[in-house]
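Remarks on the structure that follows.
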Amino acid sequence: MKTIKYLNPYIAGVLLGLVLLATIYVSGRGLGASGAFKSVVVSTVATVAPNHANNAMFYKQYTGDKPSPLKSWLIFEIIGVVIGGFLSGLVSERLTFKVEKIPSIKIRTRLIFALLGGILFGLGAQFGRGCTSGAALSGMGVLATSGFLVMICIFGTGYAFAWFFRKLWN
Amino acid sequence: MGPLEGLNIISAEFDFILALLIGIAFGFVLEQAGFSSSKRLAGLFYGTDFVVLRVFFTAAVTTCLGVIIFDYFGILDSSLIYINPTFLGSAIVGGVIMGLGFILGGFCPGTSVCAAAIGKIDAIVFIGGLLIGVFIFAELYPLYEGFYHGSSYGDIKIFDTLGMSRGLFIFVLVFIALFAFVVTYFIEQKITKQPTQSLLNSMKLFPYHTMAIIGALIATIIIINLPSRKEKIIAAVQKEMKQGKYSLPLISAEELSFKILESNENIKIVDVRPDSIYSKLSIPGASNIPLDKLFDRAWEDYLGNVKSLKIFVGQNEQQSIKAALLAKKLGYKNITVLQGGMNSFVNNILNFKKPIVLDDTQGFIAEASIRLKGMIAKNKQPKIKPKVLMKAKGGC
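Protein sequences appear in the order of chains A and B.
Under the working numbering, the first residue of the first sequence carries the number -7, and numbering increases by one thereafter.
Under the working numbering, the first residue of the second sequence carries the number 77, and numbering increases by one thereafter.
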């Protein structure tokens, strides 16, 4: 299958910046991704174990009488990301079910590390009050100190540990 | 003026449609940039592919400059934007854990959604991990609740933290970004074992890239030196007044008295003198918006009412005209100036000296003088209900 080349990164960067700018113009805040996952977890726990959600400190903040419109906003945004990503994959002929990995590691290894990475990212995004999109990129876009701090910590740590996990990627 | 959400002009349903559209654009750009590939993303950490750095830095700089430009043209009120608050300890710990997650998983949340959308199974597993991670955080929350809310610095901005001006910081940021783009290009060439060129040869080889870099620096210098919208408007008004190039309808003190007493026309008298002077003596029915506070968006509802005639009153005609021109530049419509300002109202109406023989007009003025003085004695001036502006709330 032929693969269509990716967009020039600088053009992609300007476009991403414009999307972020449009988001700020519309909503007064930046983009987000991890917030939607928090929403899913909170709603799930509130449905499956309502007593627990009403008693545990963390859930109580989000399961008040008034459902927060912000949470739904992020859910819609993430549904949009799925659609947008799919459309892009469609036009660039990149739609395929597969596990992306280097030949020297097993599929199971890749999936275990993907799961671990996801767990850590989900945990870290809570402490960081947002992920690469919501805290780092959006924060940097509005020149918030936290945005730069989180960005440096994410990528700095990535470089610091890259050597230990080089076999996963090279 | 944006942000739109604070203006109550978009319904909740339409807001969600906008969220969906923004998400679609976001997902499309991320996928087109190649962020749906964990190998490409992880390449950043091994020097094989710096796409993340390029896209990320370019996007951040574009947004920073865009906010300044939007502010300059009065499209966006940047004081209402959500600034991610800084909780030092929690942000560092979070960033470090996320960095570790990145090198293990090869995705971040946004990119994993994008990759899952085109069928990457590893991305779907990563998303499963995200949900577990959030759940773990939630369950153990009491353990670190204090830490999570600790070392709070509020909505601080990076240039204040570093003690420089906003303009200088953005220039440094753009410079570092461009420098990083060039350096990482050479690192990439070296690690992927491509033939390398000297910097000078590369500049000859890529004339457009070189021009783009120089262009970006020049554009940045221009943008960071743009005056604020307020400065721009004040300068324009001063120029117009100096050259006398403006046309504003005038209303005389006599006509104004007639409007106040006899007609039920919808008028708003805006006294722009300082509060201390206004409260001593002002035209009946006049509300006070001191000249230096005219820029406040709190008056937007009051002055923005197109149907009512806004009559600007300063101490003298010059001050009245200045206020009216500022209001016009701020986009308010249906504006008039009191000829001669408050001085003329006091001299011609309140201190009207009755001649021995009165014509019709003088008769009216004499009567108006007494009635207006009576109204002033009652001292019932209207208070403007300020427009409530909400700062955007955010957070993931």
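Ideal Cβ placement from N, Cα and C applies to all residues, glycine included.
Bear in mind the structure is a predicted one, so any value in this text is a computation, not a measurement.
Is the closest heavy atom of the ligand SAH to the C-beta of residue i under 8 angstroms?
i	result
A/V74	This structure lacks the ligand SAH, and indeed carries no ligand of any kind.
Classify residue i as helix, strand or coil using the three-state DSSP reduction.
i	result
B/A362	strand
B/T268	coil
B/L216	coil
B/Y229	strand
B/L344	Before going further, note that residue 344 of chain B is Lys rather than Leu in the sequence given. Three-state DSSP puts B/K344 in a strand.
B/K469	coil
A/A48	coil
A/F147	helix
A/A136	strand
B/T162	strand
A/M(-7)	With a pLDDT of only 44 at A/M(-7), under the threshold of 50, the placement of this residue in the model should not be trusted; the figure read from the coordinates follows. Here A/M(-7) sits in coil by DSSP.
B/F111	coil
B/V433	coil
B/K315	helix
B/V422	helix
B/K321	coil
B/L207	helix
B/T138	helix
A/G20	coil
B/T187	helix
B/K404	helix
Quick one: Cα of residue i to Cα of residue j, how far?
i	j	result
B/L216	A/A41	16 angstroms
B/K461	A/I3	47 angstroms
B/I151	B/M77	5 angstroms
A/M(-7)	A/F105	Note that A/M(-7) scores 44 on pLDDT, short of 50, meaning its location in the model is unreliable; the coordinates nonetheless yield the value given after this. Distance between the alpha carbons of A/M(-7) and A/F105 is about 28 angstroms.
A/I16	B/V128	22 angstroms
B/F539	B/L156	Any answer about residue 539 of chain B is impossible in this case: the structure gives chain B only from 77 up to 472.
B/S396	B/L324	11 angstroms
B/L219	B/V346	57 angstroms
A/L115	A/T88	29 angstroms
A/F153	A/C123	19 angstroms
B/D236	B/F213	32 angstroms
B/Q457	B/M451	10 angstroms
A/V33	B/Y284	48 angstroms
B/L117	A/E92	12 angstroms
B/N342	B/N410	11 angstroms
B/N455	B/P360	8 angstroms
B/A199	B/I298	42 angstroms
B/K459	B/N381	16 angstroms
B/G123	B/T260	8 angstroms
B/I336	B/L385	12 angstroms
Just to make sure I have the definition right: I need the residues of chain B whose C-beta is within less than 7 angstroms of the C-beta of residue i. Which are they?
i	result
A/N162	Y122
A/V74	G103, V189 and A193
A/E85	Within chain B, no residue comes near A/E85; the closest Cβ sits about 10 angstroms away, beyond 7 angstroms.
A/P42	Ordered by position in chain B, no residue passes the 7 angstroms Cβ test against A/P42, which lies about 15 angstroms from the chain.
Could you check whether residue j and residue i sit closer than 9 angstroms to each other, using their CB atoms as the reference points?
i	j	result
B/K398	B/V464	no
A/V11	A/L(-1)	no
B/A288	B/F133	no
B/I98	A/V18	yes
A/G120	A/I146	yes
B/L96	A/F78	no
B/A135	A/L129	yes
B/G390	B/L367	yes
B/L180	A/L108	yes
B/L402	B/I309	yes
A/A117	B/G170	yes
List, in order along the chain, the chain A residues whose C-beta lies closer than 7 angstroms to that of residue i?
i	result
B/R349	Simply none; closest approach about 34 angstroms.
B/L176	L112, T149 and F153
B/R130	P1, Y2 and G5
B/G204	L107 and G110
For a contact meaning CB atoms closer than 9 angstroms, what does residue i contact in chain A?
i	result
B/N160	R21, G22, R121, G122, G126, A127, S130, G131, V134, A136, T137, S138, G139 and V142
B/F282	Under the 9 angstroms cutoff, chain A gives no residues; its nearest Cβ is about 12 angstroms from B/F282.
B/P79	I16, Y17, V18, S19, G20 and R21
B/F255	Going along chain A, no residue has its Cβ under 9 angstroms from B/F255, so there is no contact; the nearest lies around 14 angstroms.
Can you pull the chain B neighbours of residue i, defined as C-beta to C-beta under 8 angstroms?
i	result
A/K98	Ordered by position in chain B, no residue passes the 8 angstroms Cβ test against A/K98, which lies about 12 angstroms from the chain.
A/E69	A95, L96, I98, G99 and F102
A/A25	C184, P185, G186, V189 and C472
Name the chain B residues that come within less than 9 angstroms of residue i, Cβ to Cβ?
i	result
A/G159	With the sequence shown as reference, residue 159 of chain A is identified as Lys, and Gly is not the correct amino acid for it. Those do not exist, as A/K159 stays about 11 angstroms from chain B at its closest Cβ, beyond 9 angstroms.
A/S35	The contacting residues do not exist; A/S35 stays about 11 angstroms from chain B at best.
A/T88	I194, G195 and K196
A/A117	G170, I173, M174, G177, C184, P185, L206, G209, V210, F213 and C472
Against chain C, does residue i count as a neighbour if the rule is that its beta carbon must be under 9 angstroms from one of theirs?
i	result
B/R116	The structure shown contains no chain C; its protein chains are A and B.
Which chain A residues are close to residue i, counting only those with a beta carbon under 8 angstroms from its beta carbon?
i	result
B/F92	S64, W65 and F68
> Quick one: any contact between the stretch 183 to 193 of chain B and the stretch 67 to 76 of chain A, if contact means 3 or more CB pairs under 8 angstroms?
Replying inline: Between the stretch 183 to 193 of chain B and the stretch 67 to 76 of chain A, the count of Cβ pairs shorter than 8 angstroms is three or higher; the stretches touch.
> Does the stretch 250 to 268 of chain B touch the stretch 219 to 237 of chain B, meaning 3 or more C-beta pairs lie closer than 8 angstroms?
Replying inline: no
> Below 8 angstroms, can you find three or more Cβ-Cβ pairs linking the stretch 375 to 394 of chain B to the stretch 412 to 430 of chain B?
Replying inline: yes
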